Amino acid sequence: MNQLMKTDVQMTSLNIAELTGKRHADVMRDIRKEVEELGEEIAQRIFALGSYLDKNKQERPCYKFGKDGAMQLALKYDAVTRYKVIKHIEELEQDKKLPVNSTVALLETALKHEMELAEIKTDVDYLKGSMRIDSLQQQEIQQAAKQSIVQALGGKDSVAYKEISKKVFSAFWNEFKHYFKIPRYGDIPKVKHEEALRFISLWRPSTSLQMEIDSCNSQMAFE
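Here's what the structure looks like:
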């Protein structure tokens, strides 16, 4: 390959592997892909194939490159990895008392913007998860619960409704609040509104409570 573009920042594929936590073989694969996509004419000015001695003193291939090659690779990786590569370049430049390249500054700005967007998304997700249901949704839950409980009691004309409806209503709401871990049903988060309605539609009295309901209603059958 021809001589690399003149630069005071010198790095190797081993440096990238150490910075990113990737296997060196994977970094070599990434660089080969870049070389293939760039074409020989451009790639030979950015990446140079070299070698190093491993821990067993055996010669192994590696790539050598300057700032352009490091930037080319950084753009392939995720935000955190790009940040690590950029900071390492800055440290190398500062060691040689070089001004920070405008490309680095642009990448840092883009990275900062990306991180800010991630923080905003986290805040939005938190707000969505903490917003409570509105009054109409509260009314919908209350009406659905009442209908489900009355049906379980055998209707408003049943003996069970007249004698133990208060107990059954209390049992339902206690179970409802326990399941959703809330002090009152109006504290249900908006994102769990549909889940609350599904809970109501699937709710059935406990075995002992159902037996008590059946016992009450059997009185009506014998009267």
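For the sequence shown, position 148 matches number 148 in UniProt numbering, and the numbering has no gaps at all. We put the CB at the ideal spot given by N, CA and C, even for glycine. Treat the numbers as computed from the prediction; the structure is a model and nothing was measured.
Check: State whether the stretch 150-166 contacts the stretch 204-221, with contact taken as three or more CB pairs (one from each stretch) at a distance under 8 Å.; Outcome: yes
Check: Just confirm the distance between the C-beta atoms of V85 and I16, as a whole number of angstroms; I'd bet it's less than 8 Å.; Outcome: 7 Å
Check: Which of the three DSSP states, helix, strand or coil, is assigned to G21?; Outcome: coil
Check: What runs of the beta strand (DSSP E), each 3 residues or longer, lie entirely inside the stretch 135-169?; Outcome: none
Check: Determine which residues share a DSSP beta bridge with Y52 and list them.; Outcome: R60
Check: Using DSSP with H/G/I as helix, E/B as strand and the rest coil, what is M11?; Outcome: strand
Check: For the alpha helix (DSSP H) containing K67, name the first residue and the last one.; Outcome: 67-74
Check: Excluding five sequence neighbours on each side, which residues of the same chain lie with their C-beta closer than 8 Å to the C-beta of L111?; Outcome: A79, R82, Y83, I86
Check: Identify every residue that forms a DSSP beta bridge with R132.; Outcome: P189
Check: Pull up the distance between the alpha-carbon of A144 and that of Q219, whole angstroms please.; Outcome: 28 Å
Check: For S170, does the count of other Cβ atoms within 10 angstroms reach 16, so buried, or fall short, so exposed?; Outcome: exposed
Check: Per the DSSP calculation, F47 is bridged to which residue(s)?; Outcome: F65
Check: I'd like the list of long-range same chain contacts for R60, defined as Cβ closer than 7 Å, with 5 residues on each side in sequence excluded.; Outcome: S51, Y52, D54
Check: Confirm, please, whether the CB-CB distance from H88 to L19 is below 8 Å.; Outcome: yes
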